[in-house]
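A short write-up of the structure that comes next.
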Amino acid sequence: MKVRIKFTKHGILRFIGHLDVMRYFQKAMRRADIPIAFTGGYSPHMIMSFAQPLGIGLTSDGEYMDIELTEPVSSAAAVAALNKVMTEDIRVVSFRQISGDKKSSGMTIVAAADYLVTAKEGPAVPDFWREKLPEFLGQPSVTVEKKTKKSVKELDILPLIYEAELREDGLFLKLAAGSADNVKPDLIMEAFCDWAKEPGQNLHYHRLDLYAADPDGGFLSLEALGSDIL
Amino acid sequence: MRKLALNDEILLKIEKPARYIGGEVNSVMKDKEKVDVRFAMCFPDVYEIGMSHLGIQILYDMFNRMEDVWCERVYSPWTDLDAVMREEKIPLFALESQDPIKDFDFLGITIQYEMCYTNILQVLDLSGIPLLAADRTEDCPVVIGGGPCAYNPEPLADFFDLFYIGEGEAVYRELLDVYKENKKNGGTRKEFLRKAAGIEGIYVPSLYEVTYKEDGTIASFAPADPCAPARVRKQVVMDLSETTYPEKPVVPFIKVTQDRVVLEIQRGCIRGCRFCQAGMIYRPTRERDVEMLKTYARRMLENTGHEEISLSSLSSSDYSRLEELVTYLIDECSRKEINISLPSLRIDAFSLDVMSKVQDVKKSSLTFAPEAGSQRMRNVINKGLTEEDILTGAGEAFEGGWNKVKLYFMLGLPTETEEDMRDIAVLADKVARRYYEIPKEKRNGKCQITASSSFFIPKPFTPFQWARMYSNEEYISRAAVVKHAFQEQLNRKSLKYNWHDAEVTVLEGVLARGDRRVGAAILEAYRLGCLYDAWTENFTYGKWLQAFEKTGIDLAFYNERERGEEEIFPWDFIDIGVTKAFLRKEWERAMKGEVTPNCRQQCSGCGAAVWRGGVCVEGKN
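Residue numbers (this note's numbering), protein chains in the order written: chain H, 580 to 809; chain Z, 10 to 630.
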């Protein structure tokens, strides 16, 4: 049985990198006695895959991993058992069965991510954001240099911003994410500050959720693709 | 939410910020207003090393079981953060509360190896605690040293308020009670130290006076205060099954050196190798009850979620219920996909059978520690392992599919000749020959025999404590003799030889057997920028030489001189149970190449029987 786990990452956990979060959950699965399946072979490891690594320094309300169970366990019991062995700043939100077919399982389905961007010093939403953001987004294109491990690529970021909205508590961004198109929120904010000729600021990035493309158009939260096990 | 001592900007620019944030699974939070004693427990090396140390986990758990005590952890900041903290004047803090160490009642530092001495000064310095105990005021924490290097605390005497000699489970409660009482009565720091000196096992260096002869050796070492005893007796826990042991060790967020459950099955060793300090200071050998170990193994795995468990002891094969314990663990762990690691096993039919069950034969290697190449030399050091043992063990392993062997040796041992050195290569070649005796179609390609040698350092409280060491150049030339011998061997293409750094050896020798005067050189080396000396990339021998020169410390006096029978050693005031007369007798037997039987074969009257326990009373109850 395939299961999708949604969890949050706050506070000090923002300093724990992606691979260490994976190690953390491997140990948590054992502490909570979750009947997780292992691969075969001489050095078996837990069948566990994570969606869209979150960079160091970021917090999140919507992180996901898929695991496989050897026997069913109810969602409520599993969430309770896991939360009992969590440390501060990391909570399991849901534990849902997903279908075994490739379309809903595996983390290649990630298509979009929501972020809330805030300034760490001064007001959460600096004045120039309100003044200049609409004009920035209204340009025909915004080309930035994107560094990969091997080369530097030119990239138009505007088509990758699906939504941008200034809210009371920060700037909301829905961005392309996943293996096809992907853009990180800091790349957008750097481009914006450069264009606005404002000095780079100390910003905090908080991820709100991750989405898969809805075959009927729009996006579906990864959590919505699963259903509670009773 | 806890407020971190370091801001985001710092944490995001340094390597591995998880080293400094605390909050790990099973770490202990308490209300600082509701405890009487705040204890900062320090391992003076980087987090990943310090978190792998069992002793701290034991004491952390023991202290935090006490309602009136909150024990927190602190490690050496890595060099990147060290620079930031100095630049921005951020005081060193404990991981749990993130509060400055300076606010604590105690700073306890475990001293596991000599090469961490400059890191001790770093921890004091960054905490804002004066480096010299004599300069500390009433508002400073009491700085306590413990661990194996406390068996010769003298080079560090100036930096510590007191040393705890022996096993931590024994008298800490008593020490804390004296502290609380003194605090309640408005007593001073000095009054506390004088009272602490009255507790068995506690050494307060400021209460003693040392005088020296013209030749530089010690003339007298005596208390300068009536509160201080002439001899300080090491503390031992005689019943290891009834004492405290952690059920919920702290689980780090990042991968540390020892990322597993560690189960200490026994303390001490019956073998009596003459170079081994642990084999003497932890006498008498005491086992833990096998049922206790099973229970703790299960609980610790449940509470940590670790995927591996390792047994810990100086010589696991000597644990009398090993087979029962290992059978239990294999059964318990195989169902849960948990790995078992069994270090310090003698290679024989039983251990090979166990190892083939718990590890991948193709990937793993076998380890032998003959310590010396020739039988003559092995008799001198009282290493009971014979060439036949090695070749038989290796042979059985090769038949069982193994093809990698590691061999550990020492160079620079007392009485060592060129022939002894060359015999290291000869022995390695014999192991390879044994492999190629197996028909080609039955063996697994070529074999890989890796021999490593370290240079011998005589340690306090060993039969070799009288021995001389050699110069850097002499060590390198000895390693060259071995290297050449390897090149002459038949199977040289299957053999590999590595040797340990000679400069570190020379320094470790001075720090291990030095006296109070050496402290000035440690302080000077730290001021010159020495730090993390245990890390090859940071070790700068030149600065140490400069420090010795500036403080007038003569390396040759400490290293290149065989001590006379009558010489007073800086550590003689410590009573480890094993007597100096026994150690001297062992030294003399070593010179004659005479082997001494192990504790189970025959009691040699070392003196540890004063505790009337452990192996000393086995079969006598």
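Glycine is no exception: its CB is placed at the ideal position from the N, C-alpha and C atoms.
In this text the structure is predicted, and so the values were computed from the model without any measurement.
Cβ-based neighbour list, Z:Gly517, same chain, cut-off 6 Å, excluding 5 preceding and 5 following:
Looking up residue 517 of chain Z in the second sequence gives position 508. Note on identity: in this sequence residue 517 of chain Z is Glu, with Gly being the wrong assignment. Same-chain partners within the cutoff: Glu123, Ile466.
Option in Z:Leu361, Z:Val389, Z:Lys366, Z:Phe582 with minimal Cα separation from Z:Phe377
Mapped onto the second sequence, residue 377 of chain Z falls at position 368. Of the listed residues, the one whose Cα sits closest to Z:Phe377 is Z:Leu361.
Around the C-beta of H:Asp735, are 16 or more other C-beta atoms found within 10 angstroms, so that it is buried, or is it exposed?
In the first sequence, residue 735 of chain H corresponds to position 156, counting from 1. Classification of H:Asp735: exposed, given that the 10 Å Cβ count is below 16.
Leaving out five residues before and five after Z:Ala552 in sequence, what residues of the same chain have Cβ atoms less than 8 Å from its Cβ?
For the purposes of this step, residue 552 of chain Z is identified with residue 543 of the second sequence, where counting begins at 1. A quick correction: the sequence has Lys, not Ala, at residue 552 of chain Z. Ala534, Leu537, Gly538, Cys539, listed in sequence order.
Give every residue of the same chain whose Cβ lies closer than 6 Å to the Cβ of Z:Asn547, excluding the five residues on either side of it in the sequence, and list them in chain order.
Position 538 of the second sequence, counted from the first residue, corresponds to residue 547 of chain Z. The residues are Tyr541.
For the putative contact between Z:Arg442 and Z:Ala494, defined by C-beta atoms under 8 Å, what is the C-beta separation to the nearest angstrom?
For the purposes of this step, residue 442 of chain Z is taken as the residue at position 433 of the second sequence. For the purposes of this step, residue 494 of chain Z is taken as the residue at position 485 of the second sequence. With a Cβ gap of about 15 Å, Z:Arg442 and Z:Ala494 do not count as contacting.
So the beta strand (DSSP E) H:Ile646 belongs to, where does it begin and stop?
Start at 1 with the first residue of the first sequence, and residue 646 of chain H comes out as number 67. Note, H:Ile646: beta strand (DSSP E), 638–647.
N- and C-terminal bounds of the alpha helix (DSSP H) containing Z:Cys342:
The sequence position of residue 342 of chain Z within the second sequence is 333, counting from 1. Here the alpha helix (DSSP H) through Z:Cys342 covers 331–343.
Assess, as a yes-or-no matter, whether the region 59–75 of chain Z is touched by the region 628–639 of chain H under the definition of 3 or more beta carbon pairs within less than 8 Å.
no
Rounded straight-line distance, which links the Cα of H:Ile688 to that of H:Phe586:
Walking along the first sequence from the start, residue 586 of chain H turns up at place 7. Walking along the first sequence from the start, residue 688 of chain H turns up at place 109. Rounded to whole angstroms, H:Phe586 and H:Ile688 show a C-alpha spacing of 18 Å.
Of the residues Z:Glu97, Z:Ala49, Z:Glu147, which one's Cα is nearest the Cα of Z:Ala103?
The count along the second sequence starts at 1 and reaches residue 103 of chain Z at position 94. Checked all of Z:Glu97, Z:Ala49, Z:Glu147; the closest Cα to Z:Ala103 is Z:Ala49.
According to DSSP, which residues form a beta bridge with H:Glu733?
For this step, residue 733 of chain H is matched to residue 154 along the first sequence. In DSSP, H:Glu733 forms a bridge with H:Glu724.
Would you say Z:Ile263 reaches chain H, if we count a Cβ-Cβ gap shorter than 7 Å as a contact?
Working through the second sequence from its first residue, we reach residue 263 of chain Z at position 254. Closer than 7 Å: yes.
If you check the beta carbons only, do Z:Val219 and Z:Arg525 fall under 7 Å apart?
As a working note, residue 219 of chain Z is residue 210 in the second sequence. As a working note, residue 525 of chain Z is residue 516 in the second sequence. Yes; because the gap between Cβ atoms is below 7 Å, this pair is in contact.
Of all Cβ atoms in chain H, is any one closer than 7 Å to the Cβ of Z:Ile583?
By one-based count along the second sequence, residue 583 of chain Z stands at place 574. Between Z:Ile583 and chain H, the shortest Cβ-Cβ separation is not below 7 Å.
Looking only at C-alpha atoms, which of Z:Gly402, Z:Asp510, Z:Ile279, Z:Cys236 sits nearest to Z:Asn481?
Along the second sequence, read from residue 1 onward, the residue named residue 481 of chain Z stands at position 472. Checking every option, the nearest Cα to that of Z:Asn481 belongs to Z:Asp510.
Counting only runs that start and end within the region 35–101 of chain Z, where is the beta strand (DSSP E) found for 3 or more residues in a row?
46–52, 78–84
Cα-Cα separation, Z:Ala179 to Z:Phe113
Working through the second sequence from its first residue, we reach residue 179 of chain Z at position 170. Working through the second sequence from its first residue, we reach residue 113 of chain Z at position 104. Taking the straight line from one Cα to the other gives about 22 Å.
Looking only at its own chain, which residues have a Cβ that is under 6 Å from the Cβ of Z:Pro139, when we skip the five neighbours before and after it?
Your numbering for residue 139 of chain Z matches position 130 in the second sequence. Arg145, listed in sequence order.
Straight-line Cα distance separating Z:Asn161 from Z:Asp248
Your numbering for residue 248 of chain Z matches position 239 in the second sequence. Your numbering for residue 161 of chain Z matches position 152 in the second sequence. The alpha-carbon atoms of Z:Asp248 and Z:Asn161 are separated by roughly 26 Å.
Along the region 597–630 of chain H, where does the CB come closer than 9 Å to a CB of chain Z? Name the residues.
Leu598, Asp599, Val600, Arg602, Tyr603, Gln605, Lys606, Ala607, Met608, Arg609, Arg610, Ala611, Asp612, Phe617, Tyr621, Ser622, Pro623, His624, Met625
I want to verify the contact list: residues of chain H whose CB lies under 8 Å from the CB of Z:His62, in sequence order.
Here residue 62 of chain Z refers to the residue found at position 53 of the second sequence. Ordered by position in chain H, no residue passes the 8 Å Cβ test against Z:His62, which lies about 19 Å from the chain.
Among H:Ser628, H:Glu650, H:Val658, the one whose alpha carbon lies nearest that of H:Met644:
Position 65 of the first sequence, counting from 1, holds the residue named residue 644 of chain H. Minimum Cα distance to H:Met644 is reached at H:Ser628.
Checking the sheet assignment: what are the DSSP bridge partners for Z:Ile349?
As a working note, residue 349 of chain Z is residue 340 in the second sequence. Answer is Z:Ile318.
Between Z:Val271 and chain H, is any beta-carbon pair separated by less than 7 Å?
The residue labelled residue 271 of chain Z in the question sits at position 262 within the second sequence. Not one chain H Cβ lies under 7 Å of Z:Val271.
Taking only runs that begin and end inside the region 412–455 of chain Z, name each unbroken beta strand (DSSP E) of 3 or more residues, in chain order.
413–420
By the three-class DSSP mapping on this structure, what secondary structure does Z:Phe407 have?
The sequence position of residue 407 of chain Z within the second sequence is 398, counting from 1. Z:Phe407 falls in the helix class under three-state DSSP.
Could you pull out every unbroken beta strand (DSSP E) segment of at least 3 residues lying fully inside the region 161–204 of chain Z, listed in chain order?
Segments of the beta strand (DSSP E) lying fully in the region 161–204 of chain Z: 171–173.
The ligand NAP heavy atoms versus the CB of H:Val721: any closer than 6 Å?
Inclusion of the ligand NAP in the displayed structure is not the case, the ligand content being empty and no account of it being possible.
Determine the contact status of H:Ala755 and H:Leu739, defining contact as a CB-CB distance below 7 Å.
Within the first sequence, the letter at position 176 stands for residue 755 of chain H. Within the first sequence, the letter at position 160 stands for residue 739 of chain H. Cβ atoms of H:Ala755 and H:Leu739: closer than 7 Å.
Chain-ordered residues of the region 691–725 of chain H with a beta carbon less than 9 Å from chain Z:
Near chain Z, meaning a CB-to-CB distance below 9 Å, the residues of the region 691–725 of chain H are Lys699.
Within chain H, partners of Z:Asp369 - CB distance below 8 Å
Residue numbering aside, residue 369 of chain Z sits at position 360 when the second sequence is read from its first letter. Those within 8 Å of Z:Asp369 in chain H are Tyr621, Ser622.
Hey, Z:Val631 and Z:Tyr479 are a contact pair by Cβ (cut 8 Å); roughly how many whole angstroms apart?
Any question about residue 631 of chain Z goes unanswered here, given that chain Z covers just 10 to 630.
Assess contact between the region 556–568 of chain Z and the region 193–212 of chain Z, defined as three or more Cβ pairs (one per stretch) separated by less than 8 Å. Is contact present?
no
Put Z:Asp369 into one of helix, strand or coil per three-state DSSP.
Working through the second sequence from its first residue, we reach residue 369 of chain Z at position 360. Note: Z:Asp369 maps to coil in three-state DSSP.
Within the region 588–663 of chain H, ranges of the beta strand (DSSP E) (whole runs, at least 3 residues):
627–629, 638–647
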